[in-house]
Every structure is written in C-alpha cells, then in structure tokens.
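Taking it in order: structure first as structure tokens, then the write-up.
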Amino acid sequence: MATKKHAAVPVTVALAAALLAACTTADEETNRAAPEASEEASAEERTTSAEVAEITDVTEIATEITTPWGLAFLPDGSALVSSRDTYELRRVDPATGEHEPVGIVEGSPAAGDSGLMGLAASPEIADDRTVFAYVTVGEVNRVVALEFDAAFDSFEQTRVVLDGIPAGGSRHNGGRLAIDPDGALWITTGDAGEPSRAPDPESLNGKILRILPDGGIPDDNPGDGPIFSSGHRNVQGITFGPDGTVYASEFGENTEDEVNVLLLGADYGWPDAEGTTGSGGERPIFTFATEDASPAGLTYAEGSLWMAALRGQRLWQLPVDEGEPTGEPIAHLQGEWGRLRTVEVAPDGSLWVLTSNTEDGGDEAGEGDDRILRIELAVG
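For the sequence shown, UniProt numbering begins at 1 and goes up steadily by one.
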C-alpha cells in the first residue's frame, strides 16, 4: 500500500464569471479539461474561523477498479463498489485491498455519465441484507433493491423501488443515493440535458427525491409524490449533518458550481439561476469556479463537508455548522490522484475516496487506476 503525506491548500472561492470564459457548455464530466495543480499556499493563509479537522494520512487501499462510482459499507466493514460502465458490483476487503465481483446489476449499455451509479445500504442491512442501487435501464433511470445472501457474496435483484426517472443519455443523470438517520432514501437526479425539466413539477428530472425504502412516500413530503426540492441542474452528492441539515453538491454550467442546504419544497433556481448569478431560487452556501470543482460525492465528518471534485482534481473541505459556513474552503490532494468521484465515511471514521480516471476511454488513467484511498482525520 502506498502512503502520501501532504499539506492542505486553502483556496478562495472564485466568483467572477470573467475567469470562466474558457469553460465549455458540454457535459461537465466528459469535456472539461483538467486544470494544472496550483501552487500550495502557506498554512498562515487559512481563514477558517474555527478549529477544523486535518488530514493526517492518505493510504491507497485498492487499485485497478473500472469506473468506480457508488460505495456502500457492509456489516463486517467491507465495502461494495459499483462500476458505472460495466454494471458490476465488487466487494473490497479493507485490510488487504483485494476486490472480487459479486454480480452484475441489470441495465443497458452505459453512455457518458449513465450506467450503474449510486449505492446505499439499507438501515437494517444486518437483517434484510439489502443494498439500493441507481441504474440506467433503457431510457430511464431507476432505483432497485438488491438482496444479498448471508455471506454477501452474491445477490438477487428483488424489486424496483422507484422507476421512470428519464435518463439523459450521456448527460446529467444525477445518481447519488443516501439514507438519512430516520431511514428515508434520498435520490439525486439531473435535468437530463433539458433545463426546462428542473422546475417542472411533473418531471422527476432536476430534483432531489425522498422516498421510503419500500417505495412509499414520506408523510411530510411537500406533495403526494417523491419530490423534495426542485430547480437542480445535476446533483451528484448528498449528505446529512449531525443536526439533521441536508447538504447537496451540484454541477453548475459555465459560471459556478454549488453546495446547497436542502429545504423542504424549495426551488434552487436552475435554469434561471446558477450559483450567485441569475434570479430566483435558494442561494448556495458555497460556490466554486467550475474549473476548481465539478463536484461529485459529498459527506460530512468532524465539523466539515468533504466534497470530491472531478475537473478540479481535489478533495474540498468545507467547514460548516447547522447549515452555515464556519470557514473558507480548503483544498486537499490537489492534482495528486486525478479526478475524484466519491467520498464516504467508513465504519472506522476514516474517509474513503474513489478516483475516476478510467471513464470515457481512460484518457486520464494512470497505472493502477482507478483506486480507493483511505484518509485519516484528526481534530486539534
């Protein structure tokens, strides 16, 4: 296993659209060129207003995983990783880094950012042995339930939990799943390349969805369907703070990527608003120049949000408390491991990060890609 030590890179979030003139409007995951790693700043430049967690160690757990996307932990501490392009689930041993296939999820040939994406373990996984998966099947995305055998070595696809999310082909499919402390299943979707769908209450595109694990609708959803919030372009990260605050990371287009606090029934403005620009919608608590982010996975640990960045090729640390920023964003791993897709908290409290360099023909891939990283944190 390889280990790297590094210093944090505090970065001021860029707001000026003029800096973004070179950005394209094409699919943010496939057509944004990777930036050069910027020069690291000194620790004295950090402007956070409260003590924040620090990264103490980065260890390579596993290598040679094709297009990893979703990540879910099993009762014994091992993990399932989804391969977006092959529809395969692999089980990873955290002690040895060995990974073996446990089966293929039924789907259609992947294109662009469609395929087998997010995973979420049932809150009763030790008893029901169920993992939820977000997958593209034909012209729709759906959430399915996978029931494993007692050893978690194989599974059967037992039911469709939610169906009929129009797929965007190669663009804007969302795809992240998360289960909140009350047991509700959250689903992020993209606008499928059709911005007008994001505010449309009749469309599941461009939304945050909240359902029960059996497919039912929570009593306090704003309507009689699964929609929790609307006006989103392409959300690929969602997580929960210890106070119950729900956070989401969202791709912008040309101007700003976003991190939002999700509010019941709220509209987040797309396509009329992007980041801090435009009119209408809830405003984000953090924004980023698109060249610095292209935000994917998001999790919460030790007083901060941790956000994986694709084009930005870094792990962002965002200090927060009860839905409010408590300091400036801090960039880690800048340019060290390439594109980062997913970050989750492991049972031992470390962060696991999935790289994303083998997608789209592997133009960004290096020897050993893609890989899983373990990140140790310390406070004080």
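Glycine included, C-beta positions come from ideal geometry on N, C-alpha and C. Here the structure is a predicted model, which means the values were calculated and not measured.
Leaving out five residues before and five after residue i in sequence, what residues of the same chain have Cβ atoms less than 8 Å from its Cβ?
i	result
Leu377	Ala53, Glu54, Ile55, Thr56, Ala301, Glu302, Gly349, Ser350, Leu351
Gly380	Glu51
Ser203	Pro166, Arg197
Glu322	Gly241, Asp243, Thr245
Ile104	Thr86, Tyr87, Glu88, Leu89
Pro181	Phe240, Gly244
Asp128	Ser122, Glu147
For the alpha helix (DSSP H) that residue i lies in, which residues bound it at each end?
i	result
Ala133	Premise fails: Ala133 lies in the beta strand (DSSP E), 130-137, not in any alpha helix (DSSP H).
Terminal residues of the continuous beta strand (DSSP E) containing residue i?
i	result
Val102	99-104
Arg314	314-321
Ser229	227-229
Thr57	The sequence given here has Asp at residue 57, not Thr. Note, Asp57: beta strand (DSSP E), 53-62.
Thr358	Neither: Thr358 is in no beta strand (DSSP E) and is coded neither H nor E.
Arg339	Neither: Arg339 is in no beta strand (DSSP E) and is coded neither H nor E.
Arg378	Reading the sequence as shown, one finds Ala at residue 378 and not Arg. Note, Ala378: beta strand (DSSP E), 372-379.
Thr287	286-289
Glu258	256-261
Tyr300	295-301
Gly70	68-73
residue 386	Past the boundaries of the shown model lies residue 386; the chain is included only from 1 to 380, so the question cannot be answered.
Leu177	177-179
Pro166	155-166
Asn141	140-148
Arg91	88-92
Ala79	79-83
By Cβ distance below 7 Å, which residues in the same chain neighbour residue i in space, the five residues on each side in sequence not counted?
i	result
Ala198	Asp191, Asn205, Gly206, Ser230, Gly231, His232, Arg233, Trp270, Pro271
Ala62	Val92, Gly97, His99, Arg371, Ile372
Asp27	With a pLDDT of only 42 at Asp27, under the threshold of 50, the placement of this residue in the model should not be trusted; the figure read from the coordinates follows. Answer for Asp27: Gly112, Asp113, Ser170, Arg171, listed in chain order.
Gly368	Thr63, Glu64
Thr276	Leu15, Glu256, Arg283, Thr287
Ile375	Ile55, Val58, Ser350, Leu351, Val353
Gly215	Val161, Leu162
Ser279	Asp272, Ala273
Asp153	Val102
Glu364	Ala34, Gly338, Arg339, Asn357
Thr188	Gly174, Gly175, Arg176, Ile208, Val235, Gln236, Ile238, Ala248
Using a Cβ-Cβ cutoff of less than 6 Å, which residues in the same chain neighbour residue i once the five nearest sequence positions on both sides are dropped?
i	result
Thr158	Ala145, Glu147
Thr67	Ser83, Arg84, Asp85, Thr358, Glu359
Gly223	none
Gln236	Arg176, Ala296
Ala37	Here the model assigns Ala37 a pLDDT of 35, short of 50, so the residue's position is not dependable and the matter cannot be decided.
Ala293	Asp257, Ala309, Gly312
Gly115	Arg84, Asp85, Thr136
Ala17	With a pLDDT of only 33 at Ala17, under the threshold of 50, the placement of this residue in the model should not be trusted, and no figure is reported.
Lys4	Reliability fails at Lys4, whose pLDDT of 37 lies under 50, so the model's placement of it is uncertain and the value that follows must be treated cautiously. Only Val58 meet the Cβ criterion.
I'd like to confirm the pairing. Which residues does DSSP put opposite residue i in its beta bridges?
i	result
Val345	Leu351
Leu333	Leu333 pairs with nothing; no bridge assigned.
Ser304	Ala301, Pro319
Ala121	Val131
Gly278	Ala273
Gly190	Asn234
Asp267	Ser230
Glu324	Asp321
Thr239	Tyr247
Ala309	Pro295, Arg314
Check whether the Cβ of residue i lies closer than 7 Å to any heavy atom of the ligand MG, and answer yes or no.
i	result
Asp220	As presented, the structure is devoid of all ligands, the ligand MG included, so that no description of it is given.
Review point. Does the region 66-80 come within contact of the region 332-346, defined as at least 3 CB pairs closer than 8 Å?
Key: Taking a cut-off of 8 Å for Cβ pairs, the region 66-80 and the region 332-346 touch, as three or more such pairs fall below it.
Check your understanding: Which ranges would you report for the beta strand (DSSP E) in the region 195-237 if only whole runs of at least 3 residues count?
Key -> Within the region 195-237, the complete beta strand (DSSP E) runs of at least 3 residues are 208-211, 227-229.
**Study point:** Meets three-Cβ-pair contact criterion under 8 Å: the region 296-316 and the region 247-261
**Key:** Counting C-beta pairs closer than 8 Å gives three or more between the region 296-316 and the region 247-261, which meets the contact rule.
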